[in-house]
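Residue numbers (the numbering used here): 526 to 809.
Just so you know, even glycine gets a beta-carbon here, dropped at the ideal spot from N, CA and C.
Bear in mind the structure is a predicted one, so any value in this text is a computation, not a measurement.
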């Protein structure tokens with residue numbers, strides 16, 4: 526099986542300690558499922574060592590949902606899990622396609638922010654799927670990140686990303702001649718997901734900026750409005766400058782409704798009064 530026939534499904538949750546049913550139903554079951562968490566549990570509990578127990582519980586929930594929603598009752602195996610304080614990543618593979626061929630599985634993590642404690646930072650999973658006739662095949666790398674919050678702290682978010690690129694290191698990849706560590710970019714496929722915390726930076730005199738926050742939130746129900754505002758997205762602006770997520774490509778995030786502070790148990794319903802706009806996952 527080659528990578529151009531693999532289906533990868535990715536989800537990212539800032540759970541604030543909560544998790545709900547997972548996965549939309551599709552006619553084709555994904556070959557790889559990656560699920561990232563941020564704020565997996567309160568900071569003081571994460572620093573006290575409770576993260577591993579919580580991610581085990583999340584693993585049971587997510588795996589049950591993946592298999593319950595598989596169109597032909599496909600079965601999945603956990604390839605890797607990694608957690609650092611509140612940032613976590615689970616990666617699964619289909620038993621009947623690639624789960625039994627995955628090899629060279631590695632996990633890693635890095636913290637950002639004050640004292641690099643790990644409430645913000647990133648975790649990563651890397652594995653190889655061998656090619657036919659004993660060839661090396663292709664390497665898949667998944668990174669789940671939680672960057673600095675607050676609209677005015679754009680510089681800190683950019684610094685977080687550069688720190689992650691420089692410190693989220695894996696063992697040397699099989700093609701490398703040196704024994705030095707490899708970065709997230711030393712891979713065939715890189716998927717970067719998480720709560721990146723980039724916001725809309727709308728000019729103060731823009732008509733939408735003059736509306737009350739509740740009215741502004743409701744206007745985001747319309748895809749045309751979201752597309753109009755995309756050029757004020759901090760992430761898109763910085764990506765065009767080449768300062769972040771170099772070499773990666775983001776999907777048309779404006780086609781999706783806001784996912785910031787969903788109402789628990791509801792679909793496409795969220796709290797009004799928000800003053801920020803979500804950024805969807807970034808992949809290659």
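I need the straight-line Cα distance from residue i to residue j, nearest angstrom please.
i	j	result
residue 553	residue 737	43 Å
residue 606	residue 614	6 Å
residue 745	residue 751	6 Å
residue 713	residue 653	9 Å
residue 539	residue 562	6 Å
residue 558	residue 618	6 Å
residue 705	residue 699	12 Å
residue 664	residue 677	36 Å
residue 629	residue 763	34 Å
residue 625	residue 655	11 Å
residue 577	residue 725	34 Å
residue 693	residue 662	23 Å
residue 756	residue 660	43 Å
residue 817	residue 675	Residue 817 lies beyond the stretch modelled for the chain, which goes from 526 to 809, so this question has no answer here.
residue 743	residue 711	42 Å
residue 735	residue 741	9 Å
residue 731	residue 684	29 Å
residue 592	residue 586	10 Å
residue 616	residue 776	21 Å
residue 767	residue 729	26 Å
residue 772	residue 778	18 Å
residue 600	residue 590	11 Å
residue 805	residue 639	Bear in mind that a pLDDT of 36 at residue 805, under 50, signals an unreliable position, so the number given afterwards is only what the model happens to contain. Straight-line Cα distance between these residues: approximately 26 Å.
residue 733	residue 703	54 Å
residue 560	residue 739	31 Å
residue 783	residue 570	29 Å
Restricting to Cα atoms, I'd like to know which of the options is closest to residue i.
i	options	result
residue 709	775, 637, 633, 531	633
residue 718	532, 536, 578, 530	536
residue 707	697, 773, 735, 733	697
residue 574	635, 610, 596, 644	610
residue 671	715, 783, 577, 564	564
residue 621	608, 597, 612, 629	597
residue 680	657, 721, 693	721
residue 566	783, 765, 645	645
residue 623	612, 657, 594	657
residue 594	684, 534, 649	534
residue 691	778, 592, 635	635
residue 673	612, 601, 783	612
residue 608	767, 729, 782, 649	649
Thinking residue i and residue j are a contact (beta carbons under 8 Å), I'd like their distance in whole angstroms, please.
i	j	result
residue 603	residue 582	At roughly 13 Å, the Cβ-Cβ gap does not stay under 8 Å, so residue 603 and residue 582 are not in contact.
residue 682	residue 666	Rounded, the Cβ-Cβ distance is 21 Å, inconsistent with contact.
residue 556	residue 588	The pair is not a contact, with the Cβ atoms about 15 Å apart (cut-off 8 Å).
residue 758	residue 723	7 Å
residue 695	residue 631	5 Å
Is the Cβ-Cβ distance between residue i and residue j less than 8 Å?
i	j	result
residue 637	residue 689	yes
residue 780	residue 747	no
residue 668	residue 647	yes
residue 727	residue 761	no
residue 769	residue 686	yes
At a threshold of 7 Å, does residue i count as lining the ligand SAH (C-beta to nearest heavy atom)?
i	result
residue 566	No copy of the ligand SAH occurs in the structure displayed, which carries no ligand at all.
Beta strand (DSSP E) runs wholly inside the stretch 615–691, at least 3 long, in chain order | If one requires a minimum length of 3 residues, the beta strand (DSSP E) runs lying completely within the stretch 615–691 are 628–637, 645–654, 663–671, in chain order.
Which residue spans inside the stretch 561–597 form an unbroken alpha helix (DSSP H) run of at least 4?
-> Note on the stretch 561–597: whole alpha helix (DSSP H) runs with a minimum of 4 residues are 568–572, 576–594, in chain order.
Scan the stretch 704–789 and note each continuous beta strand (DSSP E) run of 3 residues or more that stays entirely inside, going in chain order.
-> DSSP runs (the beta strand (DSSP E)) wholly in the stretch 704–789: 714–720.
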